[in-house]
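Contents: one structure, followed by commentary.
Protein chains in written order, with the working numbering: chain H, 1 to 321; chain D, 1001 to 1296.
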């Protein structure tokens, strides 16, 4: 009824019979009816909280005194950037984590997928085993590694001593070694990435390798000029996911740091999300916590935008079919 | 299936590269590396199982460590974890949430995917782009406002915040299902319409039965997310009787003194259901992940 005349005209050209047009209107009504749960969710669980969130971040809202929030403007943000040493510390720790973990995971994951892509007997058994850590709960993995990394009696240090290391590190009890400990634990779950790489590898058309062989390319040449460019969309997808995951890591760290919102020895594991949790839910500063969340979001969005920009330069897409 | 088909030709593609090394040496290298990687995965699991099977009277930590087939087969530890530590209850709690979230995510996501895949309506492209964009929105911004809103309507301490939102669809699943539904011939819908079927009948009686594979993938994913979820239960549940497995496990670690054998038993209890599902669904699951990675 409220259909713009231009649109109506177009439809009449496409479907000359007026009856079809009524059918099209019905189809549209039905379509929007089917979309209703989504619209409701967008409004209730996304739109409202998003606007509310902007507002809360500008109040001194506490968890307990629900009614007594005062509007404080940008004070939360000002405090964060000028006075909050923990904010900077947690940001730095998270960045350090991203730089230490994601390149390592991406490379090791790729190497494992290259091994899994060899056509030998029993590869699917290895694939199944290597993917196990990716499906189990991050909390459960952390509980296991908390024990493996025990400085005096843990398995990791036992292996290190057997390998001839005299003074194995104190891992989660040593501010210097706490982060490498988390990286080691993350390495345990790197099979999750390898599986996605593997799917990408198996989608590379074999004729490209044949052509490269004819052109005289060796193993490295084929990897560099066929595998890497053909795999670049997969790599991009994985980089994007890995960085976001690294930014948002919470559950395993919560366990590794003792489960109270603490930050490990000397706060060396005070990741951003852990700090956000501590501020909002342990100390109850909901307004300030929301402000922290907004800064994290802005950092995340900036990272995605930068990666999208880099994508154009480094990622190779096959021309559309 | 498609994966299998893709595997075969690669053999021919790679054999020339392999010829540069003696083939045997190449095989030995691949197997050695993969075996080492698998040991890195399995040894900790073996240690965990050995630890869980120890009675309370023996130290869990020993030097050298003890691996899985050990002298102890104290299954009692599992019984203690299940009943005394009440992990049976926590598993039931998590199970309830799994049922609700799987139902919510699968029903609503397929309902929402249907018009995107099969119907013509104005604003479709815009709305679909918008849907994809919502996938990229980081969760933490919504965390506290959602918490406060649920808190204000009295849902704090209940399961509602953990499952009701799944009934509004999941962007990732909607995307996955829309891709799948588009591959079903549209003639099916047209034939059904000629026979007088309405859109609901087409969705429920024709499309849904054909979508069982993709619905399964979504259900398995949702199962794993709900079962493994930690942050949600951590902030919303305060009554220990309502704890989910992940939350109960974290709390057990916090509280435990020396009974690490029980923690390890509980840890295995938390891991095993997901592993069982994974072993049965792995081909479908990996296919689903691969699709998103490549076409997304």
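C-beta: ideal position from N, C-alpha, C; glycine also.
All of these numbers come straight from a predicted model, not from anything done at the bench.
Who are the neighbours of residue 1134 of chain D on chain H, taking C-beta pairs under 8 Å? 42, 46
Within the continuous alpha helix (DSSP H) that includes residue 207 of chain H, where are the two ends? 206-214
Given that a residue counts as buried once 16 or more other Cβ atoms are within 10 Å of its Cβ, and exposed if not, what is residue 305 of chain H? Residue 305 of chain H is classed as exposed because its beta carbon has fewer than 16 other beta carbons within 10 Å across all chains shown.
Please report the distance separating the alpha-carbon of residue 227 of chain H from that of residue 201 of chain H. 7 Å
Look at the alpha carbon of residue 1078 of chain D and the alpha carbon of residue 1093 of chain D, and state the distance between them as a whole number of angstroms. 18 Å
Identified DSSP bridge partners for residue 71 of chain H: H/59
At a Cβ threshold of 7 Å, is residue 1001 of chain D touching chain H? Interpretation of residue 1001 of chain D is limited by its pLDDT of 39, a score under 50 that renders its predicted location unreliable; the figure taken from the coordinates is listed afterwards. No, no contact with chain H.
From this set, D/1153, D/1201, D/1170, D/1166, which residue's C-alpha is nearest residue 1133 of chain D's C-alpha? Nearest C-alpha to residue 1133 of chain D: D/1170.
Chain H residues whose Cβ lies nearer than 7 Å to that of residue 1169 of chain D: 37, 38, 41
Select from H/247, H/278, H/269 the residue whose C-alpha is nearest the C-alpha of residue 298 of chain H. Each of H/247, H/278, H/269 was checked against the Cα of residue 298 of chain H, and the nearest Cα belongs to H/247.
Give a yes or no on contact between the stretch 1173-1180 of chain D and the stretch 1253-1269 of chain D, applying the rule of three or more CB pairs nearer than 8 Å. No: the two stretches stay apart, fewer than three of their Cβ pairs being nearer than 8 Å.
By Cβ distance, which residues of its chain are closer than 8 Å to residue 154 of chain H, with the 5 residues on each side in sequence left out? 147, 148, 171
Of the choices H/95, H/45, H/28, whose alpha-carbon is the least far from that of residue 1117 of chain D? Ranked by how close their Cα comes to the Cα of residue 1117 of chain D, the residues H/95, H/45, H/28 have H/28 in first place.
Pair within 7 Å by beta-carbon distance, residue 178 of chain H and residue 233 of chain H: Contact: no.
Proximal residues to residue 132 of chain H (C-beta, below 8 Å), its chain only, five neighbours per side dropped: 191
For the stretch 1099-1130 of chain D, list every residue whose C-beta sits within 7 Å of some C-beta in chain H, in sequence order. Taking 7 Å as the Cβ-Cβ cut-off against chain H, the residues of the stretch 1099-1130 of chain D that qualify are 1108, 1111, 1112, 1114, 1115, 1119, 1120, 1121, 1122.
Please confirm if residue 1094 of chain D has its CB atom under 7 Å from at least one CB of chain H. Judged by the 7 Å Cβ criterion, residue 1094 of chain D is not in contact with chain H.
Using a Cβ-Cβ cutoff of 9 Å, what residues of the stretch 1226-1250 of chain D are near chain H? List them in chain order. Cβ proximity to chain H below 9 Å picks out 1227, 1228, 1229, 1230, 1231, 1234, 1235, 1245, 1246, 1247, 1249, 1250 from the stretch 1226-1250 of chain D.
Would you please verify whether the beta carbon of residue 211 of chain H is less than 7 Å from any beta carbon of chain D? Closer than 7 Å: no.
Going straight from the alpha carbon of residue 1082 of chain D to that of residue 110 of chain H, what length do you get? In this model, residue 1082 of chain D and residue 110 of chain H are separated by some 39 Å (Cα to Cα).
List, from N- to C-terminal side, the alpha helix (DSSP H) runs of 4 residues or more that fit wholly inside the stretch 1214-1274 of chain D. 1231-1236, 1245-1255
Limits of the unbroken alpha helix (DSSP H) element including residue 86 of chain H: Its alpha helix (DSSP H) spans residues 85-116.
Cα-Cα separation, residue 126 of chain H to residue 1044 of chain D: 16 Å
Could you check whether the Cβ of residue 1271 of chain D sits closer than 7 Å to any Cβ belonging to chain H? yes
Comparing the C-beta of residue 275 of chain H with each C-beta of chain D, is any distance below 7 Å? no
Residue 1166 of chain D versus residue 1105 of chain D - alpha carbon distance: 5 Å
So, with DSSP's three-state summary, where would you put residue 285 of chain H? coil
Quick one: what does DSSP say residue 1283 of chain D is sitting in, helix, strand or coil? helix
Since residue 140 of chain H and residue 1270 of chain D are thought to touch, with beta carbons under 8 Å apart, how far apart are those beta carbons, to the nearest angstrom? Right, the Cβ-Cβ distance comes to about 5 Å (below 8 Å), so this counts as a contact.
Under 7 Å between the Cβ atoms of residue 117 of chain H and residue 198 of chain H? yes
Residues within the stretch 262-273 of chain H neighbouring chain D, beta-carbon criterion of under 8 Å: Correct list: 273.
Closer than 9 Å, Cβ to any Cβ of chain H: which residues of the stretch 1038-1049 of chain D, in chain order? Taking 9 Å as the Cβ-Cβ cut-off against chain H, the residues of the stretch 1038-1049 of chain D that qualify are 1038, 1040, 1041, 1042, 1043, 1044, 1045, 1047, 1048.
How many angstroms separate the CA atom of residue 1028 of chain D from the CA atom of residue 1035 of chain D? Rounded to the nearest angstrom, the two C-alpha atoms are 10 Å apart.
Thinking just about the alpha-carbon of each residue, which of D/1121, D/1052, D/1266, D/1260 is nearest to the one in residue 35 of chain H? Closest by alpha carbon: D/1121.
Are there 16 or more other CB atoms within 10 angstroms of the CB of residue 1276 of chain D, so buried, or fewer, so exposed? exposed
Hey, does residue 176 of chain H have any beta-carbon neighbour from chain D nearer than 7 Å? no
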